[in-house]
Amino acid sequence: MELLDFDSRMPGAPRLSWPINTGPDLLRWNLPPQSLWSTDSSRRRAIKQRHVWKKLAISELATAKLICYLVLKSNVHQLQEEFFDDLPESIQDIVRRSRPRVQRDLADISFHLESAYRMADDSPVHEIEQAEYIRRGFLVVPEYTQDDDGQFLFVAQQLNAAIRAAFSSDQLSSAPEQQSLAVAKICHNLLISSAPPDVQTYNLLILGFDRWNRPDLCREVITALDNAKVRPNELTCAAILNHYVNNNDPTGFSKFISRMRGVTNPLMLANPNIRITKAGQDRLIRTAAGKIKQKVYPTPLVFGALMRGALKFAGIERSMEIYLDMKEDGWGLDTQGISQLLEDCALRGAWVEGYLLWDEFRHLRSMGKIDRHMSKTYACMLGLCERTGKQVAYNQVLVEGVRAGLDRRRLASSAHAIALRAKALRGDEAPEEMDMNVGDSIFIALSDYGNDAREGGEEEKDSVTRRLGSWFRWGRNKRQEE
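The sequence shown maps to residues 4 to 485 in our numbering.
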């Protein structure tokens with residue numbers, strides 16, 4: 004969970020280093036404040052802002068819905084009596100309730116959440132007070148505030164620390180009772196906190212439940228994030244995309260991509276009063292209704308998750324087309340992302356696609372850009388050479404690896420292991436062919452990502468992408484002729 008160590012909205016917090024990648028340099032001042040790479044000045048401006056009453060009310064009701072779902076799906080109420088002794092009384096009253104009672108609460112809370120969405124920010128005082136009175140009638144609805152002095156920021160940090168401790172203390176235990184007990188403690192912290200959950204809270208929950216292999220709980224957290232209208236950051240997007248990939252859900256993957264693009268139900272809306280500059284015109288889309296849809300900023304972290312899903316759901320050939328299209332629009336893969344695609348090429352014996360990726364990696368190396376994933380990339384390329392019988396290329400790659408300071412025997416051994424895996428996957432155990440309908444939907448969702456906001460003619464392609472794209476299309480056509 005090392006990425007979580009850099010997930011903070013506080014100015015001065017340790018910042019994740021920008022990974023070397025095939026995309027453009029980072030323009031930090033264009034990032035939203037919740038980004039892992041945002042500037043301190045952007046974060047300072049953000050933490051000075053306060054939620055209006057409606058935003059707090061929505062957060063309270065969304066959290067209450069989440070608590071109800073977590074209680075129902077983790078079967079906390081089925082715990083033996085001895086486990087309840089470890090729980091505070093406030094949460095005991097909720098988890099001891101029968102399923103029908105919790106389901107009734109859930110239905111009522113859902114109704115009031117929809118009502119809160121429809122209320123205007125400047126509603127009359129008596130309507131606001133009436134809505135407040137109704138919310139306080141539910142034991143499971145928390146009461147959130149944001150004080151002028153900013154103490155709520157530290158309360159939110161305490162909430163996140165408590166949730167992280169709940170996952171850490173039970174991470175080695177597979178006993179359902181222990182997990183149910185941990186869920187109850189998480190619900191307790193969400194309930195008693197006086198500060199609303201922030202994006203870090205949701206990231207902790209998604210990654211924590213994913214580590215427990217509880218996709219049902221992950222789905223509820225993702226829904227709660229949307230219900231509360233919390234703006235995601237790169238870690239959120241990557242975690243959600245990986246959730247859909249891990250659970251073989253191409254439909255959920257495609258729909259989330261559409262939301263990242265701002266096509267349907269966008270993840271984020273920008274201030275409608277801002278002026279869209281040339282630097283932001285590819286990410287900000289002004290609608291006829293006067294709203295501004297905001298796309299996800301291109302980062303290697305999110306792109307790696309995108310390509311992982313494209314690889315699984317659309318296949319290697321279309322993944323490479325998607326990669327080239329998105330690279331033109333400012334997206335880039337780091338060496339870890341290149342390695343995961345190159346490894347698949349090695350297992351499938353996809354020489355043309357693999358060579359394209361190798362050329363991209365060599366371009367990074369020519370710029371002096373190397374990192375700790377370099378040895379994996381070399382091993383994958385060597386495995387591809389061995390798998391496809393390219394002995395001359397194998398020797399050249401091995402010599403380059405040794406000159407880069409890597410151990411010859413370790414490289415050869417790792418490459419041979421990949422080649423053996425590829426051999427084992429041949430025949431009946433070969434990677435399954437892609438469902439073409441699924442592949443089509445993923446390709447459509449991803450291939451035009453950067454073109455939604457464009458006006459006018461095509462941007463000029465950079466020379467590396469143009470060269471690689473021509474080589475890829477030539478190689479693919481030649482292979483089809485054979």
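Just so it is clear, CB atoms sit at the ideal spot from N, CA and C, and this is done for glycine as well.
Proximity of residue i and residue j at Cβ, strictly below 9 Å
{"i": "residue 376", "j": "residue 339", "result": "yes"}
{"i": "residue 55", "j": "residue 97", "result": "no"}
{"i": "residue 224", "j": "residue 209", "result": "yes"}
{"i": "residue 59", "j": "residue 149", "result": "yes"}
{"i": "residue 347", "j": "residue 319", "result": "yes"}
{"i": "residue 40", "j": "residue 302", "result": "yes"}
{"i": "residue 218", "j": "residue 246", "result": "yes"}
{"i": "residue 317", "j": "residue 296", "result": "no"}
{"i": "residue 421", "j": "residue 349", "result": "yes"}
{"i": "residue 163", "j": "residue 226", "result": "no"}
{"i": "residue 253", "j": "residue 262", "result": "no"}
{"i": "residue 207", "j": "residue 409", "result": "no"}
{"i": "residue 1", "j": "residue 384", "result": "The question about residue 1 has no answer here: the residues shown for the chain are numbered 4 through 485."}
{"i": "residue 25", "j": "residue 312", "result": "no"}
{"i": "residue 220", "j": "residue 76", "result": "yes"}
Any non-hydrogen atom of the ligand ZN closer than 8 Å to residue i Cβ
{"i": "residue 197", "result": "Only the bare structure without any ligand can be found here, which leaves the ligand ZN out of the picture."}
Where residue i sits in the DSSP three-state scheme
{"i": "residue 166", "result": "helix"}
{"i": "residue 467", "result": "Because the pLDDT at residue 467 is just 41, under 50, the model does not fix this residue reliably, and the point stays unresolved."}
{"i": "residue 271", "result": "strand"}
{"i": "residue 139", "result": "coil"}
{"i": "residue 295", "result": "strand"}
{"i": "residue 152", "result": "coil"}
{"i": "residue 457", "result": "Any reading at residue 457 must be qualified, since the residue scores a pLDDT of 42, below 50, and its modelled position is unreliable; the value itself is stated next. Coil at residue 457, not helix or strand."}
{"i": "residue 213", "result": "helix"}
{"i": "residue 111", "result": "helix"}
{"i": "residue 289", "result": "strand"}
{"i": "residue 337", "result": "strand"}
{"i": "residue 192", "result": "helix"}
{"i": "residue 462", "result": "The predicted model places residue 462 with a pLDDT of 38, which falls under 50 and marks its position as unreliable, so this point remains unresolved."}
{"i": "residue 70", "result": "helix"}
{"i": "residue 411", "result": "helix"}
{"i": "residue 427", "result": "helix"}
{"i": "residue 5", "result": "helix"}
{"i": "residue 64", "result": "helix"}
{"i": "residue 82", "result": "coil"}
{"i": "residue 235", "result": "coil"}
{"i": "residue 218", "result": "helix"}
{"i": "residue 432", "result": "With a pLDDT of 43 at residue 432, under the threshold of 50, the modelled position of this residue cannot be trusted; read the value that follows with caution. Here residue 432 sits in helix by DSSP."}
{"i": "residue 11", "result": "coil"}
{"i": "residue 437", "result": "Low local confidence applies: a pLDDT of 47 at residue 437 is under 50, so the model's placement there is unreliable, and no value is given."}
{"i": "residue 99", "result": "coil"}
{"i": "residue 330", "result": "helix"}
{"i": "residue 303", "result": "helix"}
{"i": "residue 89", "result": "coil"}
{"i": "residue 230", "result": "helix"}
{"i": "residue 278", "result": "coil"}
{"i": "residue 312", "result": "helix"}
{"i": "residue 175", "result": "Bear in mind that a pLDDT of 48 at residue 175, under 50, signals an unreliable position, so the model cannot answer this."}
{"i": "residue 376", "result": "coil"}
Buried/exposed call for residue i, threshold 16 Cβ in 10 Å
{"i": "residue 321", "result": "buried"}
{"i": "residue 157", "result": "exposed"}
{"i": "residue 15", "result": "exposed"}
{"i": "residue 129", "result": "exposed"}
{"i": "residue 430", "result": "The predicted position of residue 430 is uncertain, since its pLDDT is 49 and thus under 50; no value can be drawn from it."}
{"i": "residue 198", "result": "buried"}
{"i": "residue 53", "result": "exposed"}
{"i": "residue 267", "result": "exposed"}
{"i": "residue 222", "result": "buried"}
{"i": "residue 93", "result": "exposed"}
{"i": "residue 423", "result": "exposed"}
{"i": "residue 213", "result": "buried"}
{"i": "residue 72", "result": "buried"}
{"i": "residue 370", "result": "exposed"}
{"i": "residue 5", "result": "exposed"}
{"i": "residue 192", "result": "buried"}
{"i": "residue 399", "result": "exposed"}
Whole-angstrom C-beta distance between residue j and residue i, which should lie under 8 Å
{"i": "residue 304", "j": "residue 241", "result": "5 Å"}
{"i": "residue 170", "j": "residue 140", "result": "The Cβ separation is near 32 Å, so there is no contact."}
{"i": "residue 354", "j": "residue 387", "result": "7 Å"}
{"i": "residue 115", "j": "residue 138", "result": "7 Å"}
{"i": "residue 50", "j": "residue 153", "result": "7 Å"}
{"i": "residue 237", "j": "residue 38", "result": "6 Å"}
{"i": "residue 62", "j": "residue 165", "result": "Residue 62 to residue 165, Cβ: 18 Å. No contact."}
{"i": "residue 35", "j": "residue 289", "result": "Actually they do not touch by this definition, with Cβ atoms about 17 Å apart."}
CB contact below 9 Å: residue i versus chain B
{"i": "residue 360", "result": "The structure shown contains no chain B; it is built from a single protein chain."}
- request: Any chance you could list the beta strand (DSSP E) runs of at least 3 consecutive residues sitting entirely within the segment 16-60, in chain order?
  value: Those beta strand (DSSP E) runs which fall completely within the segment 16-60 and span 3+ residues do not exist here.
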